[in-house]
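Per the numbering used here, the sequence shown runs over residues 37 to 365.
Glycine residues also receive a C-beta, built at the ideal position from the N, C-alpha and C atoms.
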Amino acid sequence: MRQIVLQAPGQLVDRRVPSPARATGEALVRIHRVGVCGTDFHAFAGTQPIITYPRVLGHEIACEVIEAPANDRGIWPGDRCAIEPYISCRDCRACRLNRPNCCERIQVLGVHVDGAMQTFLAVPIELLHKSDLLSMDQLALVETLGIGAHAVNRSGLAKGEDVLVIGAGPIGLSVVQFAQAAGAVVRIVDKSESRRAFAEQFGAEVLSAPDGRLADVVFDATGSAASMSGSLHHVAPAGRLTFVGICKDPVCLEDPLFHTREVTLYASRNSCHQFPRIIRMIEEGRIDTSPWITDRVRLSDVPRLFADLRQRPHTIKAMIEVDDPGAEE
Ligand SMILES: [Zn+2]
Ligand SMILES: [Zn+2]
């Protein structure tokens, strides 16, 4: 089968390897779509702190089941599934608290272990979430949407609350969609004109800078320490602040403000138990995936086009088409 491996930063290699054999409890799946995200670009640039090389990237995955073990989840060969790419240990404190997204020994497909930039993959059956209705493109968007769904869930957002989302990249936009679905009134702010133009499609009020109005709940989706520090200023008294984007630097919070407003601060990592709910919401038309995909590339073109994809200013979500005729060559 075809496999695109990131040998070292900047070195994507197209190679042929034997198809994987499935182990006990695993399904063998054919990959159809892989979404590209910031993590992949950071891995390519050598600035992703966790990843080791060589690594097959790809954690936003849509697939078709080829072989499945006996299971009680109703998954059969031929089913179309999203893959939840987080493998947890089931034993650490976080896992025992039913919060496997912050498992101490978490393994993320495409980060800690090989992911989906290849024709076939063997994965634990529990990672599969099927839908008879969603397209392969939609199934590959579920992981990205999970980031926003989980962040909104963490914040305890209620109907009618005012929300400010800082950063109109994919993470911020996924927050916008689930905040709106929760019945909140949403504003989104981004310095970039092209990102603002894109965000207009999502139906929130789009701003180039915060306008002084305080919000019940602020989500920072920038991954910038300066922005995360400043985001506290926009939280209303007794409000909540959620850090969705992750950053490697310390974040300073102005304590008198944090205290006088008695702000609650949340971190939000990956997603937790969100895949079934998101699939249902897309099936029911409560989440619109139509604006999302801005770029398409065939798997065989990934080594040639990946560096360029990273530079395209308009890119929100690039989708790799693995089921192209050339993938089997
Ligand atoms: Zn991602
Ligand atoms: Zn664990």
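Margin query: To the nearest angstrom, how far is the alpha carbon of Ser260 from that of Met317?
Written below: Walking along the sequence shown from the start, residue 260 turns up at place 224. Walking along the sequence shown from the start, residue 317 turns up at place 281. Rounded to whole angstroms, Ser260 to Met317 spans 30 Å at the Cα level.
Next item on the list: Count the C-beta pairs between the segment 155-175 and the segment 80-99 that are closer than 8 Å, then say yes if the count reaches three, no if not.
Entry: yes
Next item on the list: Assign Pro273 to one of three DSSP states: helix, strand, or coil.
Entry: On the sequence shown, residue 273 is found 237 positions in, with the first residue counted as 1. Strand.
Note to self: Between Cys73 and ligand 1, is there a pair consisting of the residue's CB and a ligand heavy atom that are separated by less than 6 Å?
What the structure shows: Position 37 of the sequence shown, counted from the start, is the residue given in the question as residue 73. Checking every heavy atom of ligand 1 against the Cβ of Cys73, one is found closer than 6 Å.
Notebook entry, point to check: When burial is assigned at 16 or more other CB atoms within 10 Å of the CB, is Ile86 buried or exposed?
Noted result: Mapped onto the sequence shown, residue 86 falls at position 50. Burial call: exposed.
Checklist line | Shell residues, 7 Å Cβ cut-off relative to heavy atoms of ligand 2 | finding: Ser124, Cys125, Arg126, Asp127, Cys128, Ala130, Cys131, Pro136, Cys139, Glu140, Arg141, Ile142
Note to self: Among Ala187, Ala274, Glu290, Arg231, whose alpha-carbon lies nearest the alpha-carbon of Ile282?
What the structure shows: Against the sequence shown, residue 282 aligns to sequence position 246. It is Ala187.
Next item on the list: Can you check the segment 244-330 for any beta strand (DSSP E) of at least 3 residues that lies completely inside it and give the ranges in chain order?
Entry: 251-256, 271-279, 300-303
Note to self: Let me check you understand the geometry: is the CB of Glu120 closer than 6 Å to at least one non-hydrogen atom of ligand 1?
What the structure shows: In the sequence shown, the residue the question calls residue 120 occupies position 84. Glu120: no, Cβ never under 6 Å from ligand 1.
Next item on the list: Give the straight-line distance between the Cα atoms of Ile410 and Asp168, rounded to the nearest whole angstrom.
Entry: Because residue 410 is not part of the residues shown, which for the chain are 37 to 365, the question remains open.
Check: Fully enclosed by the segment 162-247, which alpha helix (DSSP H) runs are 4 residues long or longer?
Finding: 172-191, 206-217, 229-235
Next item on the list: For the beta strand (DSSP E) containing Gln47, list its first residue and its last residue.
Entry: The sequence position of residue 47 within the sequence shown is 11, counting from 1. Per DSSP, Gln47 belongs to the beta strand (DSSP E) from 47-52.
Margin query: Quick check on Glu365: buried or exposed, where buried means 16 or more other Cβ atoms within 10 Å of its Cβ?
Written below: The residue given as residue 365 occupies position 329 in the sequence shown. Reliability fails at Glu365, whose pLDDT of 48 lies under 50, so the model's placement of it is uncertain and the value that follows must be treated cautiously. By the neighbour-count rule (16 or more Cβ atoms within 10 Å), Glu365 is not buried but exposed.
Check: What's the call for Arg52, buried or exposed, on a 16-neighbour Cβ count within 10 Å?
Finding: Locating residue 52 in the sequence shown gives position 16, where the first residue counts as 1. Per the 10 Å Cβ criterion, exposed.
Checklist line | Nearest residue (CA-CA) to Pro349, options Phe238, Val358, Thr330, Ser336 | finding: Taking the sequence shown and counting its residues from 1, the one referred to as residue 349 is at position 313. The shortest Cα separation from Pro349 among Phe238, Val358, Thr330, Ser336 belongs to Thr330.
Check: Nearest CA to the CA of Val121: which residue from Tyr302, Leu133, Cys99?
Finding: On the sequence shown, residue 121 is found 85 positions in, with the first residue counted as 1. The displayed chain sequence assigns Pro, not Val, to residue 121. The residue with the shortest Cα to Cα distance from Pro121 is Cys99.
Checklist line | Opening and closing residue of the beta strand (DSSP E) in which Cys117 lies | finding: Reading the sequence shown from its first residue, position 81 is the one you call residue 117. Here the beta strand (DSSP E) through Cys117 covers 116-119.
Check: With a cut-off of 8 Å, do at least 3 Cβ pairs link the segment 267-278 to the segment 297-308?
Finding: yes
Check: In angstroms, rounded to a whole number, what distance separates the CA positions of Leu209 and Ala235?
Finding: Stepping through the sequence shown from its first residue, residue 209 is reached at position 173. Stepping through the sequence shown from its first residue, residue 235 is reached at position 199. Straight-line Cα distance between these residues: approximately 7 Å.
Note to self: Helix, strand or coil for Leu145? Go by DSSP, reduced to three states.
What the structure shows: Along the sequence shown, one-based indexing puts residue 145 at 109. Strand.
Next item on the list: Check whether the Cβ of Glu241 lies closer than 6 Å to any heavy atom of ligand 1, and answer yes or no.
Entry: Here residue 241 corresponds to residue number 205 of the sequence shown, with the count starting at 1. False, no ligand heavy atom lies under 6 Å from that Cβ.
Next item on the list: Just the C-alpha distance for Pro206 and Thr83, rounded to the nearest angstrom, thanks.
Entry: In the sequence shown, residue 206 corresponds to position 170, counting from 1. In the sequence shown, residue 83 corresponds to position 47, counting from 1. Those two C-alpha atoms are separated by around 19 Å.
Next item on the list: Find out if the Cβ-Cβ distance for the pair Leu177, Thr325 is shorter than 7 Å.
Entry: For the purposes of this step, residue 177 is taken as the residue at position 141 of the sequence shown. For the purposes of this step, residue 325 is taken as the residue at position 289 of the sequence shown. It is a contact, given that the beta carbons lie within the stated cut-off.
Next item on the list: Say yes only if the C-beta of Glu298 is nearer than 6 Å to one or more non-hydrogen atoms of ligand 1, and no if none qualify.
Entry: To locate residue 298, count along the sequence shown from 1; it is residue 262. Glu298 Cβ: outside cutoff for every heavy atom of ligand 1.
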